[in-house]
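The structure appears right after this line, and notes come after that.
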Amino acid sequence: MTAPRDFLIAPSILSADFARLGEEVDNVLAAGADVVHFDVMDNHYVPNLTIGPMVCEALRKHGVTAPIDAHLMVKPVDRLIGDFIDAGATYVTFHPEASEHVDRSLQLIRDGGCKAGLVFNPATPLSYLDYVMDKVDMILLMSVNPGFGGQSFIPATLDKLRQARARIDASGFDIRLEVDGGVKVDNIAEIARAGADTFVAGSAVFGARRAGDPHHYDSVMDKFRAELAALS
Ligand code: DX5
Ligand code: ZN
465 MTAPRDFLIA PSILSADFAR LGEEVDNVLA AGADVVHFDV MDNHYVPNLT IGPMVCEALR
525 KHGVTAPIDA HLMVKPVDRL IGDFIDAGAT YVTFHPEASE HVDRSLQLIR DGGCKAGLVF
585 NPATPLSYLD YVMDKVDMIL LMSVNPGFGG QSFIPATLDK LRQARARIDA SGFDIRLEVD
645 GGVKVDNIAE IARAGADTFV AGSAVFGARR AGDPHHYDSV MDKFRAELAA LS
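Residue numbers (our numbering): 465 to 696.
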């Protein structure tokens, strides 16, 4: 690690109460979340079906001003990139296997005024980055296989994070390194030490929900912050 990094915590609304989504997002942001991680699944690229651009737009209309990190687990991807740009996404990330033309898809995102990211499944090689480091604002390493919340962190991700961090530092570009899947209070420090600076957490955050308590997310967010602050 060359310089101190700012850490961002991005709760995944996949584990939120969808019947009260606006309120859930308000509460988690009030508890100190930095980014809203928005998982888009199509029952084709991944075996689950979630939410699309209309829900992203609805969150903006509800008054959410925090960055929205649209993680597209869809194939094909280009048409939905345009829809998420229009819906107010901040980051748009996609899996290289889901695009026939990775460079074009990255450019579509930036041309639309959003930040572009590539997502790597556990078995997807980082070599997809070889010729596009100047076109990415975010590298997202999946630490579970995509499709579901509540899975266990795959330990091999730590070594892959170190490799991705080395690529970022060598490139000189301002690129965030995000990790997604199985991030908990007891492993976030180790994940940060491996090089991540942006942490998606779904079940760890929304699992803290207690009926009638609008502050139920405060303690888990505080614990994440404490773990990160204790890093030397
Ligand atoms: C999985 C999603 C994740 C998921 C993470 O495909 O991309 O964002 O919500 O959930 P947890 O934190 O429960 O592993
Ligand atoms: Zn995700």
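We put the CB at the ideal spot given by N, CA and C, even for glycine.
Beta-carbon spacing of residue i, residue j below 8 Å
i              : j                 : result
threonine 554  : lysine 579        : yes
alanine 660    : leucine 625       : yes
serine 476     : alanine 665       : yes
glycine 454    : serine 607        : With the chain covering only 465 through 696, there is no way to say anything about residue 454.
glutamate 488  : aspartate 498     : no
leucine 582    : valine 600        : yes
arginine 543   : methionine 602    : no
isoleucine 473 : phenylalanine 637 : no
alanine 551    : proline 589       : no
serine 563     : valine 541        : yes
histidine 535  : leucine 593       : no
Residue i, DSSP secondary structure in three states
i                 : result
threonine 621     : helix
lysine 539        : coil
glutamate 642     : strand
serine 607        : coil
phenylalanine 688 : helix
aspartate 550     : helix
lysine 525        : helix
leucine 478       : helix
alanine 735       : The chain is shown only over 465 to 696; residue 735 falls outside these bounds and no answer can be derived.
leucine 695       : coil
aspartate 594     : coil
aspartate 633     : helix
aspartate 682     : helix
phenylalanine 502 : strand
Spatial neighbours of residue i in its chain, beta-carbon cut-off 8 Å, leaving aside the 5 residues before and after
i           : result
valine 649  : Ala668, Val684, Lys687, Phe688, Glu691
valine 528  : Gly486, Val489, Asp490, Leu493, Val500
alanine 694 : Ala653
Residue(s) in a DSSP beta bridge with residue i
i              : result
valine 519     : According to DSSP, valine 519 bridges with nothing at all.
tyrosine 555   : Asp533, Lys579
methionine 602 : Gly581, Arg640
leucine 472    : Thr662
Heavy atom of the ligand DX5 within 7 Å of residue i beta-carbon
i              : result
proline 610    : yes
methionine 597 : no
leucine 485    : no
glycine 666    : yes
glycine 613    : yes
valine 541     : no
valine 647     : yes
serine 479     : yes
Proximal residues to residue i (C-beta, below 6 Å), its chain only, five neighbours per side dropped
i              : result
isoleucine 655 : Val643
threonine 466  : Summary for threonine 466: the model assigns pLDDT 38, below 50, so the residue's position carries little reliability; its value from the coordinates is reported in the next sentence. So the qualifying residues of the chain are Asp633.
serine 479     : Gly613, Gly666, Ser667, Phe670
arginine 574   : Ala580
alanine 530    : Leu493, Val500
Other residues of its chain near residue i: CB distance less than 7 Å, five sequence neighbours each side excluded
i           : result
proline 610 : Val510, Met537, Asn585
serine 635  : Met597
heavy atom of the ligand ZN below 7 Å from residue i C-beta
i             : result
histidine 535 : yes
valine 499    : no
serine 476    : yes
aspartate 644 : yes
aspartate 503 : yes
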